[in-house]
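Presented below is the structure to which this report refers.
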C-alpha cells in the first residue's frame, strides 16, 4: 500500500536531534481586486517599492498579482509572523483595494485587459516582462492569474550527517541531492494527499471559461458558479496551472545530471506550436523570448522543484550542478481561504511531517512513463477526491486501494515522525496536527474543499470571496506589526527603488544582445 518505513522511523526515533534546524520559506501570491471584486487596473503601488528588487514584495504574472516572499526561517511562529507582517503592511497601503482570498480568480474580464507585470527599463526587467508576454501567448492570460502558495523546505546538515554520513554540505552535495530526489519521487507518488487535505478550489466563476466549452462535467449553482461536487483543487487540474505539452519532455528525478540535462534540452528544443506564434510580430515587437518548448527553466510546471539559491546571472540548473540541491519547493498548495495570509501553522507542520516521511521512505527510480502515470492519482483526487469509496492506484499497476485506507496508513507513519519532532520541542503540536487531519479521511466534509464549497453554494463564489477579502482587509490593516517595523518596510522600498535604478544605469548591452547572451 505504502512503503514499509518502519526501519527508517526507528532510526529517526533513535536520532531525534537530527531534525533540529529545519529551514522553511513561504511565497504567497494574491490578486489585487477592487471593492466589487474586479481585478485592480492600477499599477503595482510605487509606495511598496520596486517589484524587481524588493526582498519581500514583488509581482508574478500581472501588475495586479502580488507575491510575498518570507526570509528563510527555522521557527514556524516567526515565519508566519513575518508573512503576516507583509500582509499587514500591504493591507494598509492598498487603500480601497483588497487581496483576493482564493486561488481561482472570479470577476474577470477579457485576458487582453490584464496588464503584464512591469519591471522597469533594464534588460533584465524587460526580459521578465517579455517572458510573461510569452506565457500569455502560449497559455492565455487567465491561467496566469491563478494564485497559489509555495513552500520551501530544507533539512539541516545534522540530518544528512546522521542519515547519509556526509561531512559537510560541499563534500556531501551528491548524497544530499540524492536524498532530495528521493523525497521528490515519493512526492510524485503520494503528494496527492496535499490537494486532498488542503485543496480549496472546487469551483470556478463561469467568467473564467470566457465562453469556451469545458470537458469537465460541471454543475451550476443558482448564482452561476461552476463546480464539481467532489473536486478538491481545480487549480491543479488541466483547467488550471498545467501544460500538457510538457508531458513529453522525459524529465525524471533519478539523478541530478539527468534531470538538469533534460531541463536544458527542453529550453533548446524548438516547438512547432510556439513557432506559429512567432518570436516577433510584423512590426518587430517581441511576442516571446523564443519559440522553444520552454522559454526559460521556470516555465516548467511541476508540483515540486529541486532548488538552489543562484549566483548573479546564474541559471537555476547551473546552480544545481554547481552546488547540488539546497532545498525543495512545494508548489501544490492552493491559497488557504480560512487564513488571511493564505497558509497556517497546521499546514506548515503537516508539510514538515510529510516531506520528512518522503525522505525516509524507499523510492525506487521512476521512468518518465511512471511519472506520467502518477498523474492519474493526482487527477482522481483533484477532480473527485471526496467521492464516497474513492480509490487510489498503487504504482502503475491496475491495483486499487481505498483512499481512506492509504491515508490512514500514511498517517500512522506520520504520527511517529510527529512524536519525534515533538520530543525535541517538549510539546504535542505535530501530534495534534496528525489527530486533526487524519479525521478528514473518515469524514471528507472536514477537508478545505468541502468546507469552502459549502460556503460558496450558499453565498456564491464571488460573494464568499468578497466577504473574506473585506474581513481580512480590515483585520490585517488594524493589527500591529510583530517582527518587522514600518521603518524597515520604508527603508526596503527606498533601497529597492535605488537598486532598480542602479541596474538600469549599469546596462551596457542592447536588449537584442542581452537576449542573445542569455540564449547562449
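In the UniProt record's numbering, the protein residues as written are 1 to 520.
Ideal Cβ placement from N, Cα and C applies to all residues, glycine included.
{"Query": "Option nearest residue 146 by Cα separation, candidates 10, 201, 73, 462", "Result": "201"}
{"Query": "CB of residue 173 within 8 Å of CB of residue 323, strictly", "Result": "yes"}
{"Query": "Residue environment, residue 388, which counts as buried when at least 16 other CB atoms sit within 10 Å", "Result": "exposed"}
{"Query": "Burial state of residue 523 (16 or more Cβ within 10 Å)", "Result": "No answer is possible for residue 523: the residues shown for the chain start at 1 and end at 520."}
{"Query": "Residue range of the unbroken alpha helix (DSSP H) whose run includes residue 436", "Result": "429-442"}
{"Query": "Local Cβ density within 10 Å of residue 44, reported as buried at 16 or more and exposed below that", "Result": "buried"}
{"Query": "Segment limits, alpha helix (DSSP H) that includes residue 104", "Result": "Element bounds for residue 104: n/a, residue is neither H nor E."}
{"Query": "Contact under 8 Å by Cβ, residue 50 with residue 496", "Result": "yes"}
{"Query": "Local conformation of residue 376 per DSSP, three classes", "Result": "helix"}
{"Query": "Exposure of residue 25, with buried meaning 16 or more beta-carbon neighbours within 10 Å", "Result": "buried"}
{"Query": "Rounded C-alpha distance that separates residue 335 from residue 291", "Result": "32 Å"}
{"Query": "Residue 409 to residue 2 span [Cα, whole Å]", "Result": "7 Å"}
{"Query": "Three-state secondary structure (DSSP) of residue 472", "Result": "helix"}
{"Query": "Exposed unless 16 or more other CB atoms sit within 10 angstroms - verdict on residue 19", "Result": "buried"}
{"Query": "Selected residue, minimal CA-CA separation from residue 118, among 110, 108, 385, 131", "Result": "131"}
{"Query": "Residues that DSSP places opposite residue 292 in a beta bridge", "Result": "270"}
{"Query": "Any alpha helix (DSSP H) of 4 or more consecutive residues that is wholly inside the region 61-101", "Result": "76-93"}
{"Query": "Contacting residues, own chain, Cβ-Cβ under 6 Å from residue 514 (five flanking each side not counted)", "Result": "123"}
{"Query": "Helix, strand or coil at residue 19 [DSSP, three-state]", "Result": "helix"}
{"Query": "Where residue 121 sits in the DSSP three-state scheme", "Result": "coil"}
{"Query": "N- and C-terminal bounds of the alpha helix (DSSP H) containing residue 496", "Result": "486-506"}
{"Query": "Alpha helix (DSSP H) segments (min. 4 residues) lying fully within the region 118-159", "Result": "123-139, 141-144"}
{"Query": "Inter-residue spacing [alpha-carbon to alpha-carbon] between residue 276 and residue 248", "Result": "19 Å"}
{"Query": "Close beta carbons around residue 411, own chain, < 8 Å, minus the five adjacent residues each side", "Result": "434, 437, 438, 441"}
{"Query": "Nearest-angstrom Cβ-Cβ length linking residue 100 and residue 31, presumed shorter than 8 Å", "Result": "4 Å"}
{"Query": "Min CB distance residue 335 to chain D below 8 Å", "Result": "The structure shown contains no chain D; it holds only a single protein chain."}
{"Query": "Per-residue DSSP class, three states only, for residue 214", "Result": "coil"}
{"Query": "Nearest-angstrom beta carbon gap, residue 392 and residue 377 [assumed within contact, 8 Å]", "Result": "5 Å"}
{"Query": "Distance between beta carbons of residue 420 and residue 13, contact taken as under 8 Å", "Result": "6 Å"}
{"Query": "8 Å Cβ cutoff met for residue 144 and residue 61", "Result": "yes"}
{"Query": "Proximity to residue 154 [Cα-Cα], best of 177, 138, 54, 251", "Result": "177"}
{"Query": "Three-state secondary structure assigned by DSSP to residue 173", "Result": "helix"}
{"Query": "Residue 133 versus 121, 494, 116, 255, residue with shortest Cα-Cα distance", "Result": "116"}
{"Query": "Contact under 8 Å by Cβ, residue 96 with residue 35", "Result": "yes"}
{"Query": "Exposure of residue 500, with buried meaning 16 or more beta-carbon neighbours within 10 Å", "Result": "buried"}
{"Query": "Boundaries of the beta strand (DSSP E) in which residue 59 is found, first to last residue", "Result": "57-59"}
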